[in-house]
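Comments concern the structure below.
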Amino acid sequence: METPGSQSSLHRANLERVVRAVRMAGSLTQAEIARSTGLSAATVSNIVRELKDGGTVQVTPTSAGGRRARSVSLSGDAGIVVGVDFGHSHLRVAVGNLAHEVLAEEAEPIDVDASAAEGFDRAEQLVSRLIERTGVGPGKVIGVGLGVPGPIDVKSGTLGSTAILPGWAGTKPGEELSGRLGVPVHVDNDANLGALGELVWGGGRGAADLAYIKVASGVGAGLVISGQIYRGPGGTAGEIGHITLDESGPVCRCGNRGCLETFTAARYVLPLLQPSHGPGLTMARVVQLARDGDPGCRRVIADVGRHIGSGVANLCNLLNPSRVVLGGDLAEAGELVLAPIRESVSRYAIPSAARQLSIVPGTLGGRAEVLGALALVLSEMGDSSLLDTAPDAAASAMV
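Listed below in structure tokens is the structure:
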């Protein structure tokens, strides 16, 4: 038995620190592990060798700064994780391993008015099909991350009111999907998962404090503080779309007037262009037309950017993030939307907070949420279980 403070318990703790660092990053050189864990280079070298012998990690040659190095990642056969993302009009599923490699991914359209049961039927079928495609047995699935476009009650796991999937309000998506797949399911809203996806794989890499802003049918923010998603006690943190910009403005779906969402979300913005561009416009099409020089679309995109910037300025003054990542179709507009955002931030934010802030487009596009769902499982799984499945490493940890 390990005694707290003993050499064996300290060694076990160091093993878990190294595994945790590699698990969250996907792969790290030994020098990067030493920097992120605070352990000495010699200790890291010994631990990596021990974990490799036990089958927990794999080591491959690489280079860093022009020098030869060794990249450490979790073993490719240690298990797989699944990400499921329900969007406004799509279902996307990805399967990945613990080395942050996506093994299979597929998206298909889904009727947003469909019942929750039908949605879960489709998700169950797609997950099973992709797992079979990877050639990895279902018994290797460690967990599933599930993204939904609405607030999730942290304690009960219940999906709150959502205008995107109204028939799903009051359901418990994680519980339902877990019962169907027979594995743990971790559920979160799509903005939080977009933040996780960009933090681990995309435009948020290297930032400890960031806000991911997603503008689609609604407007939401995923907040990362000290490297962790901040959800708030009720799971509703990040509802930036309901910051009031004009108390005499349009009535919002939340019941208030002049929310940020009423000036930026697709359902409010697209009708502005229909008289001149006809019906059937999408935000992606508006962005493309703006990039091609269409003056009306450019004006609308710029106005949206300025309004988003007002909301971002509020975030700056409250949380002082180092980076804001803009996601969704709007991010494809590049400087057409980013420049107006920066203009509003410069005008309304505290100067010192504005100077420290970088505003960048997301790099993952529509994949941000499903990759964030994979990252959610990787962040929630324990390190002890990985060590305990490697008998040699666990045994040598007791020596």
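Residue numbers for the sequence shown follow numbering that gives the first Met the number 0, beginning at 0 and rising by one. Each residue gets a CB set at the ideal place from its N, CA and C atoms; glycine is no exception.
Per DSSP, what kind of secondary structure is residue i in: helix, strand or coil?
i: Ile-340; result: helix
i: Leu-222; result: strand
i: Gly-178; result: helix
i: Ser-5; result: coil
i: Leu-145; result: strand
i: Pro-390; result: The predicted model places Pro-390 with a pLDDT of 39, which falls under 50 and marks its position as unreliable; any figure quoted below should be read in that light. Residue state, collapsed to three classes: helix.
i: Gly-237; result: coil
i: Arg-19; result: helix
i: Val-153; result: coil
i: Gly-364; result: helix
i: Ala-115; result: helix
i: Pro-249; result: coil
i: Leu-125; result: helix
i: Leu-385; result: helix
Express the C-alpha separation of residue j and residue i in angstroms, rounding to a whole number.
i: Glu-260; j: Gly-240; result: 5 Å
i: Asp-187; j: Val-285; result: 29 Å
i: Asp-189; j: Tyr-229; result: 14 Å
i: Ala-393; j: Met-23; result: Since pLDDT at Ala-393 reaches only 36, below the 50 mark, its modelled position is unreliable, and no value is offered.
i: Ser-309; j: Gly-326; result: 17 Å
i: Val-398; j: Ser-7; result: Confidence in Val-398 is poor, its pLDDT being 27 and thus under 50, which makes the residue's placement unreliable; the coordinate value appears in the next sentence. Roughly 7 Å between the two C-alpha positions.
i: Val-17; j: Glu-175; result: 34 Å
i: Asp-110; j: Arg-91; result: 13 Å
i: Leu-125; j: Ser-351; result: 48 Å
i: Gly-333; j: Gly-257; result: 26 Å
i: Gly-361; j: Ser-5; result: 46 Å
i: Pro-320; j: Ala-206; result: 9 Å
i: Gln-29; j: Ser-39; result: 10 Å
i: Gly-37; j: Arg-67; result: 22 Å
i: Arg-305; j: Val-336; result: 8 Å
i: Ala-399; j: Arg-11; result: In the structure displayed, the chain extends from 0 to 398; residue 399 sits before or after that span and is not available.
i: Thr-243; j: Ile-358; result: 22 Å
i: Met-282; j: Ala-374; result: 27 Å
i: Gln-273; j: Val-147; result: 29 Å
i: Gly-25; j: Pro-150; result: 28 Å
What are the boundary residues of the alpha helix (DSSP H) that residue i is part of?
i: Arg-305; result: 294-318
i: Thr-263; result: 260-263
i: Pro-274; result: 273-276
i: Ala-42; result: Here residue 42 is Thr; the residue named in the question, Ala, does not match the sequence. 40-52 is the span of the alpha helix (DSSP H), which, as asked, contains Thr-42.
i: Thr-36; result: 29-36
i: Arg-66; result: Taken as a continuous stretch (DSSP letters only), Arg-66 belongs to no alpha helix (DSSP H), being part of the beta strand (DSSP E) at 66-73.
Let's see if you can read the secondary structure: which residues bound the beta strand (DSSP E) around residue i?
i: Asn-188; result: 184-188
i: Ile-358; result: 357-360
i: Val-135; result: Neither: Val-135 is in no beta strand (DSSP E) and is coded neither H nor E.
i: Arg-322; result: 322-326
i: Ala-289; result: Careful: Ala-289 lies outside any beta strand (DSSP E), inside the alpha helix (DSSP H) at 282-290.
i: Leu-209; result: 209-214
i: Pro-60; result: 56-63
Quick check on the burial criterion: 16 or more other C-beta atoms within 10 angstroms. Buried or exposed for residue i?
i: Gly-399; result: What the structure shows of the chain is the stretch from 0 to 398, and residue 399 is not part of that stretch, so it cannot be assessed.
i: Asp-84; result: buried
i: Ser-70; result: buried
i: Lys-154; result: exposed
i: Leu-195; result: buried
i: Val-250; result: exposed
i: Gln-227; result: exposed
i: Pro-339; result: buried
i: Glu-197; result: buried
i: Glu-238; result: buried
i: Ser-378; result: buried
i: Pro-137; result: exposed
i: Leu-191; result: The residue you asked about is not Leu; residue 191 is Asn in the sequence shown. Burial call: buried.
i: Gly-181; result: exposed
i: Asp-291; result: exposed
i: Thr-170; result: buried
i: Ile-130; result: buried
If you measure from the CB of residue i, is any heavy atom of the ligand ATP nearer than 6 Å?
i: Leu-386; result: The model on display carries no ligand, and the ligand ATP is accordingly not part of it.
Checklist line | Ranges of the beta strand (DSSP E) found wholly within the region 84-111, counting only runs of at least 3 | finding: 89-96, 101-108
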